[in-house]
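Here the structure comes first, spelled out in structure tokens, and everything after it is commentary.
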Amino acid sequence: MHTNDSKGLLIFFYFFIALFSVVCLVPFVLAVSGSLSTESRIAAEGYSFWPRGFTLETYQFLFGSKAEQILRGYSISVMVTALGTVSAVLVTTAYAYVISVKSFRLKNFFSFFAYFTMLFSGGTLPWYLLSTKYYHLGDTLAGLIVPYLLSVFLMFLMANYFRSIPHEIVESAQIDGAGHLRIFFSIMIPLGRVGLVTISLFYALQFWNDFYLPLMLVTDQDLYTIQYLMYNMMANIQFLASGNAAQVGGVVISPPLETAKMAMTCLTVLPIAILYPFLQRFFVKGIIVGSVKG
Amino acid sequence: MMQEVSPDTSRLHSIRTPASKKRKWIKSLRKDGSLYLLALPGIVVLILFAYLPMSGLILVFKNYNFNDGIFGSPWSGFANFEFFFSSMEDALRATRNTVMLNALYMVTGTFFSVSIAIILNELRSKGFIKVTQSVMFFPYFISWIIIGAVLFSLLDYDKGILNQLFSSLGIAQVDWYSSPWLFVVILVLANIWKSAGYGAIIYYAVLQGIDPSYYEAARIDGASRWQIITKITLPMLIPSIILLSLLSIGGMLKGDLSMIMGVTFLNPLLLPTTDIIDVYVYRTAIRSGEFGFASAITLYQSVFGFILVLAANKLAGWYDKDSKLF
Chain A
38 MHTNDSKGLL
48 IFFYFFIALF
58 SVVCLVPFVL
68 AVSGSLSTES
78 RIAAEGYSFW
88 PRGFTLETYQ
98 FLFGSKAEQI
108 LRGYSISVMV
118 TALGTVSAVL
128 VTTAYAYVIS
138 VKSFRLKNFF
148 SFFAYFTMLF
158 SGGTLPWYLL
168 STKYYHLGDT
178 LAGLIVPYLL
188 SVFLMFLMAN
198 YFRSIPHEIV
208 ESAQIDGAGH
218 LRIFFSIMIP
228 LGRVGLVTIS
238 LFYALQFWND
248 FYLPLMLVTD
258 QDLYTIQYLM
268 YNMMANIQFL
278 ASGNAAQVGG
288 VVISPPLETA
298 KMAMTCLTVL
308 PIAILYPFLQ
318 RFFVKGIIVG
328 SVKG
Chain B
15 MMQEVSPDTS
25 RLHSIRTPAS
35 KKRKWIKSLR
45 KDGSLYLLAL
55 PGIVVLILFA
65 YLPMSGLILV
75 FKNYNFNDGI
85 FGSPWSGFAN
95 FEFFFSSMED
105 ALRATRNTVM
115 LNALYMVTGT
125 FFSVSIAIIL
135 NELRSKGFIK
145 VTQSVMFFPY
155 FISWIIIGAV
165 LFSLLDYDKG
175 ILNQLFSSLG
185 IAQVDWYSSP
195 WLFVVILVLA
205 NIWKSAGYGA
215 IIYYAVLQGI
225 DPSYYEAARI
235 DGASRWQIIT
245 KITLPMLIPS
255 IILLSLLSIG
265 GMLKGDLSMI
275 MGVTFLNPLL
285 LPTTDIIDVY
295 VYRTAIRSGE
305 FGFASAITLY
315 QSVFGFILVL
325 AANKLAGWYD
335 KDSKLF
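Here it is as structure tokens:
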């Protein structure tokens, strides 16, 4: 039996959650609306939640004069995400399996070897100098992948999944003469499917959204990922303005700077927005198992 | 394998001579050799990107030049520290900003995540919960660059939505991008916006594990909704709140470079409050090449960070022996 005041509280709760959810989506509405507006009206009247003078001009501009750069950015991002995710998952699950083998003498040592890196780090500078000067990762595709191959946090998450697989299965395989490689590839990987999917998604998201590595290691425009392209566009208007003046013979047209930012925003978020409904529940499951388990 | 010796018998048999030790090693290598193979790629990555950079801390005592490299550059003694103390003000500002922003993120983020989780736990409409949870989780998937771009359309002085709103309400427009202290609020709100939904999922999961009989008993006793929340739900969350907070104290000195870069574009006007340590190192070392100096601050960051981790661990131990991190 709830009293009236607690009914009021409940209404407030519904209202609060609804409001916060709306706030979470509003910026994207703003971006879509901005990208569909005319540049002159945005410049004169400012951004709005409803397109000012609905037009597809901005997208035509981007796909016309910037298509090559954008497509290259996309393909670098896709490549980095695909290669990075596959290799990171392999490296991570293999390491996680090793520390999850109960009878392995050095499992605690290997655990600590990974864990220690979460506590203590050499900082950005030595990392940068080693990566560029000694590993020669500057301006290479590998530079956008290799540093992220082992996330210690996801590795421990994966080890938790492996430990939850009944030990009897492993034992019976050992009796049948299976070695660790065999057990890892044909038992642990298939049985650890849920964990595998979860960490794959986390890695994919990290690689797709990353802009730390391009910022540190990339100067070559051909290696710009879509996120880094976006950053350059936001920080540096020149990117949009360049190579445009000569387009329409004699007449200098100004590129749609403001609306183009919004259009790029939409293009960058699009793949995530499309995949999100399918992926979201895996993330939720992964977070729950990883956090509630001690 | 079945003939695997249990720990007790193995201790009985192992007379500690070098020979038996060696034999044991060979035996274990034969049995577990493939494990080393599996761990190898991970070990290499850890050494290359975590352990070797730690040794790079010797840079602090070196006069770095790019040609001789980290290990070949001449020793400089404590010159870099003089450097460090000579621009102490900037270093302290960077430290203050890092700790301040992280502490604000931690407190406000936890508060919102926990509040949302508790509220979701009170709601009964499954469909509503599912939809709103998905929507609130979505910003977590978006990179800081994109968030920065969208924030710009909200905050820009002339064209931003907020200032349009202000002027239509007759309030003076605010130049957000040149107000370092106001921007702290923006950063905190942006952080809540991006991560509260994610955090709420963790806490909500903990709440789903609570035995419903607690709630039934409270309801029979005539507890109000508010009493149930404060006397049952919140106390149930406290262990998780403490554990997660302790974990984040260790990261107190790790700033989020992508966040600051993405949201402020390193706007010089905002640096008084947004120049966190990582940004500082990026600006002074990687962009301007003052390596010796930046390496001093890097060492300082590592040592300070390590002290924070040890402190957090100690606190965890006092709270509950099992929550100790190591």
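Heads up: the sequence lines are chains A and B, in that order. Start counting the first sequence at 38; every next residue gets the next number (our numbering). Start counting the second sequence at 15; every next residue gets the next number (our numbering). A virtual CB, placed ideally from N, CA and C, is assigned to each residue, including glycine.
Asked                                                                                                                         : Found
Limits of the alpha helix (DSSP H) - the one that B/D292 falls within                                                         : 291-295
Closest residue to A/L120 among A/R200, A/E295, A/K170, A/P184 (Cα-Cα distance)                                               : A/P184
Validate contact between the region 292-300 of chain B and the region 139-153 of chain B using beta carbons, cut 8 Å, 3 pairs : no
At least 3 beta-carbon pairs within less than 8 Å: the region 238-254 of chain A vs the region 65-81 of chain B               : no
A/L47 - DSSP class collapsed to helix/strand/coil                                                                             : helix
Helix, strand or coil at A/W87 according to DSSP, with G and I counted as helix                                               : coil
Proximity test, A/S201 beta-carbon vs the ligand MN heavy atom, cut-off 7 Å                                                   : Among the components modelled here there is no ligand, and therefore nothing to report on the ligand MN.
Any C-beta of chain A under 8 Å from that of B/A53                                                                            : yes
Closest by C-alpha distance to B/P88, when choosing among B/G306, B/S262, B/G47                                               : B/G306
Whole-angstrom distance between B/G174 and B/Y191, CA atom to CA atom                                                         : 11 Å
Residue-chain proximity (A/I113, chain B), Cβ-Cβ < 8 Å                                                                        : no
Residues that DSSP places opposite B/W89 in a beta bridge                                                                     : B/K76
Contact with chain A by B/S167, beta-carbon distance below 8 Å                                                                : yes
Span of the alpha helix (DSSP H), counted from its first residue to its last, around B/W195                                   : 194-222
Integer Cβ distance of B/L176 from B/L168, believed to fall under 8 Å                                                         : 6 Å
Neighbour flag for A/T256 against chain B, beta carbons, 8 Å                                                                  : no
Proximity test, Cβ basis, 8 Å: B/K245 and chain A                                                                             : no
Start and end residues, alpha helix (DSSP H) containing A/F193                                                                : 189-201
Inter-residue Cα distance where the pair is A/Q264 and B/A163                                                                 : 11 Å
Spatially closest choice to A/Y111 from A/T262, A/L186, A/V59, A/G229, by CA coordinates                                      : A/T262
Cβ separation of B/V128 and B/L251, assumed to be a contact under 8 Å, to the nearest whole Å                                 : 6 Å
Stretch pair the region 121-141 of chain A + the region 191-210 of chain A: three plus CB contacts closer than 8 Å            : yes
Below-8 Å beta-carbon distance, A/W87 vs any chain B residue                                                                  : no
Length-filtered (4 minimum) alpha helix (DSSP H) runs lying within the region 117-174 of chain A                              : 144-156, 161-166
Contact with chain A by B/G162, beta-carbon distance below 8 Å                                                                : yes
Boundaries (first-last residue) of the alpha helix (DSSP H) holding A/R230                                                    : 230-246
B/L280 in three-state terms, based on DSSP                                                                                    : coil
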